[in-house]
Every structure is written in C-alpha cells, then in structure tokens.
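J.: Take this structure, written in structure tokens, and hold onto it; I'll ask about it next.
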Amino acid sequence: MSVIKRNQDSWLPSIFEDLFNDSRLADVNQFSTTLPAVNIKETKDDFQVDVAVPGKKKEDFTIELDRNVLTISSEDKSENEETSEDGRFTRKEFNYSSFQRAFNLPETVEQEKIEATYTDGVLHICVPKREDSKQKAKRMIAVS
12 MSVIKRNQDS
22 WLPSIFEDLF
32 NDSRLADVNQ
42 FSTTLPAVNI
52 KETKDDFQVD
62 VAVPGKKKED
72 FTIELDRNVL
82 TISSEDKSEN
92 EETSEDGRFT
102 RKEFNYSSFQ
112 RAFNLPETVE
122 QEKIEATYTD
132 GVLHICVPKR
142 EDSKQKAKRM
152 IAVS
C-alpha cells in the first residue's frame, strides 16, 4: 500500500474533510462567545471598573457581591418573526447572548458603598476603599 499525498494548497476541501472534520463547529463556537473588555484602575480612594458593553440597557445587567467576589453578568434574548402578507410563516430568528465576569475584591474595600452606572455603552463600577486602607500622604520624619 502506498501513501497518497494530498495537495495542501487546494482551495476546495475534500468531501471527507467536510463530513468528518469537527473544526468547523469549534470555529463557530469560538466566534459566538465573547467577553466584554474590562479596564480596572486603582486610585488612592477606590477601584474603578469599566466594562465595554454597548447596545444594552441598565436593566440588562446583574451585579452581585458574594464573599468578596464581584460578579457582573448579562443575558439577552431576542426573537424576530416575519410573516408574509397572506399570513403564512416565512422566517423566524432567535438571538441569545450572555456573559459573566467575576473579580476577587481585596479585604480593603467598602462593600456596602459599591456603586454602578451605565452611560454611553460603558458600565462603570466604583469600588471604594476603606479609610484605614487608603495610602497616607508621604511625610518627612526629622532625626533628633
């Protein structure tokens, strides 16, 4: 039996590759799941978390705090149905998207004072630090 080499430069995949290759399904799953971009900035008074999620409403978000874990999630379901003039069913589309991001918060934050706003497609979360954990201003100590 001899080995038959396949032309790797072929732009037309073989029928067997189409039937038995699962990589196409993996590619579809790869592109249908996305996580929003997150920026976290630490200042002397708080942590500022910005999540880029355009096209949503503030009611679309669920923000939970459980045992120092801040979880941000959203779920969106939509259904679009178009029927012909004679009333027959012609097309129906479903769309579902969701995400969940979780962040471990340090012990030094004021959990009761966490606030969130949503403006211009960005979810802003302010996580204030406790007074005793804020960095004190640098001071000079005189040598006596």
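The numbering of the sequence shown is my numbering, which starts it at 12 and goes up by one. Note that the Cβ used here is the ideal one computed from N, Cα and C, for glycine as well. None of the values given here were measured: they were computed from a predicted structure.
How many Å lie between Asn79 and Glu104 at the Cα?
T.: For this step, residue 79 is matched to residue 68 along the sequence shown. For this step, residue 104 is matched to residue 93 along the sequence shown. Computed Cα separation, rounded: 40 Å.
J.: Buried or exposed for Ile83, going by 16 or more other Cβ atoms inside 10 Å?
T.: Counted from its first residue, the sequence shown places residue 83 at position 72. Under this definition Ile83 is a buried residue.
J.: Rounded to whole angstroms, what's the CA-CA distance from Leu140 to Glu118? Just pull it up for me.
T.: On the sequence shown, residue 140 is found 129 positions in, with the first residue counted as 1. On the sequence shown, residue 118 is found 107 positions in, with the first residue counted as 1. Looking at the sequence shown, residue 140 is not Leu but Lys. Rounded to whole angstroms, Lys140 to Glu118 spans 9 Å at the Cα level.
J.: Quick one: any contact between the region 84 to 99 and the region 108 to 125, if contact means 3 or more CB pairs under 8 Å?
T.: yes
J.: Determine the extent of the beta strand (DSSP E) in which Ala63 is found, giving its start and end residues.
T.: Taking the sequence shown and counting its residues from 1, one reaches residue 63 at position 52. Residue range Asp57 to Ala63 is occupied by the beta strand (DSSP E) that includes Ala63.
J.: Between the alpha carbons of Lys55 and Leu76, how many angstroms are there, rounded?
T.: Here the question's residue 55 lines up with position 44 in the sequence shown. Here the question's residue 76 lines up with position 65 in the sequence shown. Cα to Cα, Lys55 sits roughly 22 Å from Leu76.
J.: Could you name the residues of the same chain whose beta carbon sits closer than 6 Å to that of Asn50, not counting the 5 residues immediately before and after it, in chain order?
T.: The residue labelled residue 50 in the question sits at position 39 within the sequence shown. Here the set comprises Asp61.
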